[in-house]
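Enquirer:
Given below as structure tokens:
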């Protein structure tokens, strides 16, 4: 045998005994064939992606603006400046929920109380009431930077669309 340095999960390394059953001549032959072929074949062209149908971030934040206009005190319980980083497709939104005043605008906030990062599909699911911020957070689909209490008070997004 040779030297093998193992770091990480040592128990998993104990399950590598199947490697001893591999024929070294077969491995050498496969490597030689691969090198003789000039490397791997070029990848096939990716299929064109279709634009997502249905509502997106702009519709969600437009509906949020209308909801806050109809119920100005709704954001008072949150009392925060929230920066939403929406991914796939990428966009940034700032929602100011301080006192009776509110603002919803596209763009990043420089002094946000919390920055919430999530995929657009998850934002839409949250706005439809199909999931909760807690569930998204527990599944690693919502990242919260700053005050966590802001993420706990996202009920105003429920059933927006």
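In the working numbering, the protein residues as written are 7 to 167. For every residue, glycine included, the Cβ atom is placed at its ideal position computed from N, Cα and C.
Note down the Cα distance separating residue 39 from residue 33, rounded to an integer number of angstroms.
Expert: Rounded to the nearest angstrom, the two C-alpha atoms are 10 Å apart.
Enquirer: Based on Cα-Cα distance, which residue from 134, 100, 121 lies nearest to residue 71?
Expert: For the residues 134, 100, 121, the minimum Cα distance to residue 71 belongs to 100.
Enquirer: Should residue 64 go down as buried or exposed, given a rule of 16 or more other Cβ atoms within 10 Å for buried?
Expert: Residue 64 should be labelled exposed.
Enquirer: Fully enclosed by the segment 41-128, which beta strand (DSSP E) runs are 3 residues long or longer?
Expert: Segments of the beta strand (DSSP E) lying fully in the segment 41-128: 86-93, 97-104, 107-112, 120-125.
Enquirer: Name the one or two DSSP bridge partners that residue 151 has.
Expert: Note: residue 151 sits in a beta bridge opposite 121.
Enquirer: Quick check: the Cα distance between residue 25 and residue 94, rounded to an integer number of angstroms?
Expert: Each residue's Cα considered, the two are about 40 Å apart.
Enquirer: What does a CB cutoff of less than 6 Å around residue 69 pick up in its chain, not counting 5 residues either side in sequence?
Expert: Here the set comprises 166, 167.
Enquirer: Inspect the CB distances between the segment 72-87 and the segment 114-128 and report whether three or more fall short of 8 Å.
Expert: Short answer: they touch.
Enquirer: Only counting the same chain, and skipping five residues up and downstream in sequence, which positions put a Cβ closer than 6 Å to that of residue 163?
Expert: Answer for residue 163: 132, 133, listed in chain order.
Enquirer: How big is the Cα-Cα spacing for residue 160 and residue 23?
Expert: Answer to the nearest angstrom: the Cα atoms are 51 Å apart.
Enquirer: How big is the Cα-Cα spacing for residue 158 and residue 36?
Expert: For residue 158 and residue 36, the distance between alpha carbons rounds to 55 Å.
Enquirer: Can you tell me whether residue 5 is buried or exposed, with buried defined as 16 or more other CB within 10 angstroms of its CB?
Expert: There is simply no residue 5 to check, as the chain begins at 7 and stops at 167 in what is shown.
Enquirer: State the DSSP-derived secondary structure class of residue 145, mapped to helix, strand or coil.
Expert: Note: residue 145 maps to coil in three-state DSSP.
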